[in-house]
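Protein chains in written order, with my numbering: chain A, 10 to 201; chain B, 10 to 201.
Glycine included, every Cβ here is placed at the ideal spot set by N, Cα and C.
Keep in mind it's a predicted model, so treat the numbers as computed, not measured.
Protein chains: 2
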Amino acid sequence: MRVPANRPALRVQPSGAGEEELELTEEGGVTDDALPGAEQDSPTPASRRLHELIIQLGRYRSLRDPLHGICESNQLTPTQIHALMWLGNDGPTHVGVLAQRVGITKKTITGVVDRLEDMKLVERTRDAEDRRAVVAQLTTEGVKLFNLISRSVDQGLRRMLDLLPADDQEALFGLLERVLKRLGGPASEQAL
Amino acid sequence: MRVPANRPALRVQPSGAGEEELELTEEGGVTDDALPGAEQDSPTPASRRLHELIIQLGRYRSLRDPLHGICESNQLTPTQIHALMWLGNDGPTHVGVLAQRVGITKKTITGVVDRLEDMKLVERTRDAEDRRAVVAQLTTEGVKLFNLISRSVDQGLRRMLDLLPADDQEALFGLLERVLKRLGGPASEQAL
DNA sequence: TATTGTTATACTCTATAACTATA
DNA sequence: TATAGTTATAGAGTATAACAATA
């Protein structure tokens, strides 16, 4: 599937205004042999449609690059930016919690915070209440950088929003707010 | 800003049903000293609103973890999954193009493809028309794995869609389609 | 000369396992 | 004993710079 064998994808341009099909996983009966348990349910029309849209959007680097540019222009890795963002948004945070926010293990966060500390962007202190725990927080310089990054992110979002008419923007906000409400609601036992 | 100094963020639970403010970058006049050029424009109400919503959503790992789980259950790194997805969707691809899709440099893609080739998931061949170029494509085993991953992604999307009523789903699709149309349209010179 | 990939080097990210300190 | 972080180790990702082959 999707391996025409004689038509290598050579251009980087989103395949937009040219050929328009995009089969994705259909006719994908190939691996329908006894899967190991948990994934025998197949895609719904809606999930497949969203999947296709996301792939299409992924072809436009202009939608993903902003973050990349922020990393480069500040000489920081994505993980470091990620950690700084959470520290800026949440204030002083246990490093273990920070690890979960960033999506890495406790062992890994140690090295990340080490390097941010070397750069004088973050400070470590002991939590007085639980002396096992270490609290990380932004330094003054770290806060400055956080504000700079925040503004860059905001500009990237602005460029995206500019692609939508005002009523679509409102629709998007309402939609995201309803998702948030659902997540915070009854089903929140499964969330983290 | 956002560094209360006496209220470390200790819990990982989304701050949802508790305190609800979330100032973000406001009062952030701190770094308003002569920025180096390109970023003196400040956030619009809409971009700030989207920014806040995204941060809120980011607190729910249940929305981000699916990918993580896919990586672990297949013993692959995020970059490797990413490369496999594009190869599955686009078919045989110049490794340079693949690098751009994944968002890494040509030097880096070499190592990534090396490891995928070691795992027998990808094959390299020379492009007959341009003998400088190397074409990467999935092996039979690679295609199988691609289908498996695709299905996992689909399930993650399905769980997200389940948080939205049907009319919101339709609204989302329409909205994304309009973004795509805009990107493919007149403004596409800036896109990639 | 310009372009496509690769090689070599160095640093960061990441997970696993073993360890220390505190609860 | 259980929990919060760190240390040590090893493999993968990443960029930079130098290089090879082709156009």
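Neighbour flag for residue i against chain B, beta carbons, 7 Å
| i | result |
| --- | --- |
| Arg133(A) | no |
| Arg141(A) | no |
| Thr53(A) | yes |
| Ala145(A) | no |
| Val122(A) | no |
| Leu76(A) | no |
| Gln89(A) | no |
| Asp163(A) | yes |
| Leu130(A) | no |
| Ile158(A) | no |
| Ala180(A) | yes |
| Val188(A) | yes |
Beta-carbon spacing of residue i, residue j below 7 Å
| i | j | result |
| --- | --- | --- |
| Ile64(B) | Cys80(B) | no |
| Lys167(A) | Ser56(B) | Contrary to the premise, residue 167(A) reads as Arg rather than Lys in this sequence. For Arg167(A) and Ser56(B), yes; Cβs fall inside 7 Å. |
| Val143(B) | Val106(B) | no |
| Leu62(B) | Leu96(B) | no |
| Asp163(B) | Pro54(A) | no |
| Thr102(B) | Ala145(B) | yes |
| Phe182(B) | Arg58(A) | yes |
| Leu184(A) | Asp177(B) | yes |
| Ala180(A) | Ala180(B) | yes |
Below-7 Å beta-carbon distance, residue i vs any chain A residue
| i | result |
| --- | --- |
| Gln84(B) | no |
| Gly37(B) | Unreliable placement is indicated for Gly37(B), whose pLDDT of 32 sits below 50; no coordinate value is reported for it. |
| Ala92(B) | no |
| Val104(B) | no |
| Leu184(B) | yes |
| Ile79(B) | no |
| Arg167(B) | yes |
| Ile118(B) | no |
| Val111(B) | no |
| Leu125(B) | no |
| Asp177(B) | yes |
| Leu192(B) | yes |
Assumed close pair residue i, residue j - CB separation to whole angstroms, cut-off 8 Å
| i | j | result |
| --- | --- | --- |
| Gly151(A) | Leu93(A) | 7 Å |
| Gln109(A) | Arg70(B) | 7 Å |
Do the segment 70-78 of chain B and the segment 106-120 of chain B make contact, defined as three or more Cβ pairs closer than 8 Å? Here the segment 70-78 of chain B does not lie against the segment 106-120 of chain B, with fewer than 3 beta-carbon pairs under 8 Å apart.
Contact between the segment 117-126 of chain A and the segment 167-178 of chain A: three or more CB pairs below 8 Å? With a cut-off of 8 Å, the segment 167-178 of chain A and the segment 117-126 of chain A do not count as touching, because too few Cβ pairs lie within range.
Do the segment 146-157 of chain B and the segment 129-137 of chain B make contact, defined as three or more Cβ pairs closer than 8 Å? Because the criterion of three Cβ pairs below 8 Å is met, the segment 146-157 of chain B and the segment 129-137 of chain B touch.
Quick one: complete beta strand (DSSP E) runs, 3+ long, within the segment 55-140 of chain A? For the segment 55-140 of chain A, the full-length beta strand (DSSP E) segments reaching 3 residues or more read 131-135 along the chain.
At 4 residues or longer, what runs of the alpha helix (DSSP H) sit wholly inside the segment 132-194 of chain A? Under the rule that a run must span 4 or more residues, the alpha helix (DSSP H) segments found entirely inside the segment 132-194 of chain A read 149-170, 175-193.
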